[in-house]
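Numbering (this note's numbering), first residue to last: 242 to 521. From the three backbone atoms N, C-alpha and C, an ideal C-beta is built for every residue, glycine too. Here is the structure we will look at.
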Amino acid sequence: MALAEICNISNAPYMKSRNFTPSDFENDCQQYTSNLVNPYVLSAPPFENPIENLCKIQANSDKSGIKIEFDHGTTTLGFKYQGGVILAVDSRATGGQFIGSQTMKKIVEINQYLLGTLAGGAADCVYWDRVLAKECRLHELRNKERISVAAASKIMANIAHEYKGMGLSMGMMLAGYDKRGPGLYYVDSEGSRTPGNVFSVGSGSVYAFGVLDSGYKWDLKDEEAQELGRRAIYHATYRDAYSGGIVRVYHMTPNGWINISNTDCMELHYKYEDEKKNKH
């Protein structure tokens, strides 16, 4: 208790004898952050002019600053074809050389007709995907119809643009199905928003693109498209140390998304190696 007195926290709610309710906790938290009430109001970095000064603590090419390196690693991909949209991702979460998880779910199910992928900072992507899910639901309640993929991606791009230069790290794809058919957009933390047919994001994307470029065509059959996405992620996990774990494949159809498979990349390695041996 002496330490509590010195730190002047003896009167904090959790130090009081009365029962501490969840509302008390929320009220206390609101003194430090307001995003519990409004998710768009996040605390800015704790120094003046964050857009100008944030670069001073990051590792720059000219070797200036404090050299804090924000290392990210992942592989995600998405492509449109005649049967809808395929999304495929790995599940390894890393912090530099440290592997934090082998089972992270990098596809966020925003609603039954809209999916988002994670690349960059996991906390940033998950947080804003959850905010987007709320906005999509509110749009549906207000307008009595589902939000389009284009509108959902525009909301996310506007959010990212508001925080441009403040340290967000996002490189996500949004895939869905609406009145216009299948939709696929890339949105990043700079606020850019790009529609397209084929995307791959992350440290292993160069390896995934090698497989996608050799096998992609618009008139793929469903099984061929799913296998193409699965194989592309596998090859990325094989060559990129920051990608690995479980290869997840989702198929966006006119009736909503379907989780096709969740296969450990080691199982896929032995499967594809056996196929090579059988060919010879």
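- By the neighbour-count criterion, in which a residue is buried when 16 or more other Cβ atoms sit within 10 angstroms of its Cβ, Val447 is exposed.
- CA-to-CA, the gap between Arg480 and Gly445 works out to about 8 Å.
- With respect to the C-alpha of Arg421, the residue from Lys405, Ala391, Leu382, Ala401 having the closest C-alpha is Ala391.
- For Ala360, the closest C-alpha among the options Tyr354, Gln353, Tyr368 is that of Tyr368.
- Gly443 is positioned such that its CB atom lies closer than 8 Å to that of Thr317.
- Per the coordinates, the alpha-carbon of Gln323 lies some 33 Å from the alpha-carbon of His313.
- At a Cβ-Cβ threshold of 8 Å, Thr335 and Tyr483 count as neighbours.
- Apart from sequence neighbours up to five positions away, the residues of its chain that approach Pro495 with a beta-carbon distance below 6 Å are Tyr418, ordered along the chain.
- Per DSSP, the unbroken beta strand (DSSP E) holding Asp429 starts and ends at 422 to 429.
- Per the coordinates, the alpha-carbon of Leu409 lies some 10 Å from the alpha-carbon of Ala363.
- Under DSSP, Asp419 shares a beta bridge with Gly422.
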